[in-house]
Amino acid sequence: MTARDNLSTRVTDGDSTSLGVLSVHLDGRPCRVGCAFCYLGARQGGGADAPDLALLGELVERLSYDELAVAVSEPVETVGPALAVLTRAAAARGRPVSVTTTMQIATAHPALLEGVARINLSVDPFKGVVSPARIDALAAALKSERTLDVVLIVSLVTPQFATRLIDDGLLEALVDLPHVDKVALNGLKPPPPWCDRAFWLSALARLRPLLRRALDQRLFLDCYVAARILGLGGCPARADLSPAPGGLAFRACVYQPAAERLVTDARQLAGELRTFVAPAQCPFVVK
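Residue numbers (the numbering used here): 784 to 1070.
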């Protein structure tokens, strides 16, 4: 979840600096939903068909992080073994695992949540009808079978959906759902022209009553808005690993189109990231 609860100063664990949230994409390319705005579609170099599980597991065992966040996209046929490797490796480190996915995948494949502490559900009209009642029913069902938090990643995908969220009360309805723990208000990456600084400042002004009672408790702002537009804390970076031919691609920021390096040696990358800092420049220009 790229929200303000992750906007904290890097902490040192022994002689290593924590990455904070370590993101893992199991495919590294757009899923079958095919959203035109998906940041994975802008990734350069293309992803491999499947991650190197041995290398990925060793990295999860060696790197210093607070939480492992795994993105699960369609197709999901080969996701199970990879998730099992990741959850076991993270559990051995005493680190929680979260899964970010769609309502459709969570409904059809609940077994993927075994050993997961939090599920982040991607919510927008491209993923299906946005119905608070339907969302809360799914959250209740997921919680009835396991102990986990349910977080909604609500993306401002169009001006029309932004109006529904901000002016028509939909965001407040989602924040107040009884079986939802948190809601993260997310802007697209890269930001479309309409979603600029002026838009966000106006939107936040209109959301003032909701922000007053729920900000940083049940409602969280995305990293770009909080860190870059409002200056509330530093950039969390959200380092990312994803499949690549010959190894794994590493990005210091999950939204970077180009990978910084091809990882083939877990020990070497762990050594290089002992003094990890967020990139000085955001991949996106603040307009």
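Glycine included, every Cβ here is placed at the ideal spot set by N, Cα and C.
Nonlocal neighbours in the same chain, by C-beta distance under 7 Å from residue i, ignoring five residues either side
i: Arg947; result: Leu953
i: Ala1042; result: Gly828, Ala1027, Ala1032, Phe1033 and Arg1034
i: Leu771; result: Since the first and last residues shown for the chain are 784 and 1070, residue 771 lies out of range.
i: Gly797; result: Unreliable positioning characterises Gly797 in this predicted model, as indicated by a pLDDT of 46, which lies under 50. The coordinate reading is nonetheless provided below. Closer than 7 Å at the Cβ level, and outside the excluded window around Gly797, lies no residue.
i: Ala1010; result: Leu790, Gly1016, Gly1017 and Cys1018
Reference residue i; option with closest CA among the options
i: Gly1029; options: Arg1021, Ala1041, Leu1045 and Pro1040; result: Leu1045
i: Ile902; options: Arg980, Pro908 and Met886; result: Met886
i: Val958; options: Leu931, Phe1003 and Trp977; result: Phe1003
i: Gln943; options: Val913, Lys1070 and Pro1062; result: Val913
i: Gly970; options: Glu928, Phe1067 and Arg1057; result: Phe1067
i: Leu838; options: Ala1061, Gly863 and Val868; result: Val868
i: Thr884; options: Gly911, Ala873, Ala874 and Ala872; result: Gly911
i: Ser938; options: Asp835, Asp999, Leu836 and Cys978; result: Cys978
Contact set for residue i: own chain, Cβ-Cβ below 6 Å, skip 5 residues either direction
i: Asp849; result: Ser801 and Gly803
i: Cys1065; result: Arg1011
i: Pro879; result: Glu850 and Ala900
i: Leu984; result: none
i: Lys972; result: Tyr822 and Tyr1038
i: Ala1053; result: Arg845 and Leu846
i: Asp1023; result: Ser806, Arg1034 and Val1037
i: Thr1047; result: Gly1030
i: Leu1056; result: none
First and last residue of the uninterrupted beta strand (DSSP E) at residue i
i: Lys965; result: Lys965 to Gly970
i: Glu850; result: Glu850 to Ala854
i: Gly1030; result: Gly1030 to Arg1034
i: Val1071; result: The structure shown does not extend to residue 1071, since the chain is modelled only from 784 through 1070, so no value can be given for it.
i: Arg901; result: Arg901 to Val906
i: Leu805; result: Val804 to His808
Beta carbon of residue i nearer than 9 Å to that of residue j
i: Leu895; j: Ser856; result: no
i: Val843; j: Arg876; result: yes
i: Ala956; j: Ile936; result: no
i: Asp964; j: Arg996; result: no
i: Arg845; j: Arg980; result: no
i: Phe909; j: Val859; result: no
i: Thr870; j: Glu841; result: no
i: Ala922; j: Val933; result: yes
i: Thr861; j: Ala891; result: no
i: Pro893; j: Leu925; result: yes
i: Arg826; j: Pro992; result: no
9 Å Cβ cutoff, residue i in contact with chain C
i: Ala923; result: In the displayed structure, chain C is absent; only one protein chain is listed.
Residue interval of the alpha helix (DSSP H) (run including residue i)
i: Thr1094; result: It is not possible to answer for residue 1094, since the shown part of the chain is limited to 784 through 1070.
i: Thr890; result: Met886 to Ala891
i: Arg1044; result: Looking at the DSSP string, Arg1044 is not in any alpha helix (DSSP H); the run it does join, the beta strand (DSSP E), is Arg1044 to Val1046.
i: Arg996; result: Arg991 to Ala997
i: Val1050; result: Here residue 1050 turns out to be Arg, not Val, going by the sequence shown. Its alpha helix (DSSP H) spans residues Ala1049 to Glu1055.
Beta-ladder partner(s) of residue i, from DSSP
i: Arg962; result: According to the sequence shown, residue 962 is His rather than Arg. Beta-bridge pairing links His962 to no other residue.
i: Ser914; result: Its beta-bridge partners do not exist; DSSP assigns none.
i: Val1008; result: According to DSSP, which records beta bridges pairwise, Val1008 is partnered with nothing at all.
i: Ala1027; result: Gly1030
i: Asp932; result: Arg901
i: Thr883; result: Ala854 and Asn903
i: Ser938; result: Asn969
i: Leu1002; result: Val966 and Leu998
8 Å Cβ shell around residue i - same chain, five flanking residues per side excluded
i: Asn789; result: Low confidence applies here, because Asn789 scores a pLDDT of 39, under 50, leaving its location unreliable and the question unanswered by this model.
i: Ile949; result: Ala986, Arg989 and Leu990
i: Ile918; result: Met886, Leu904, Val906, Leu935, Leu957, Leu960 and Val963
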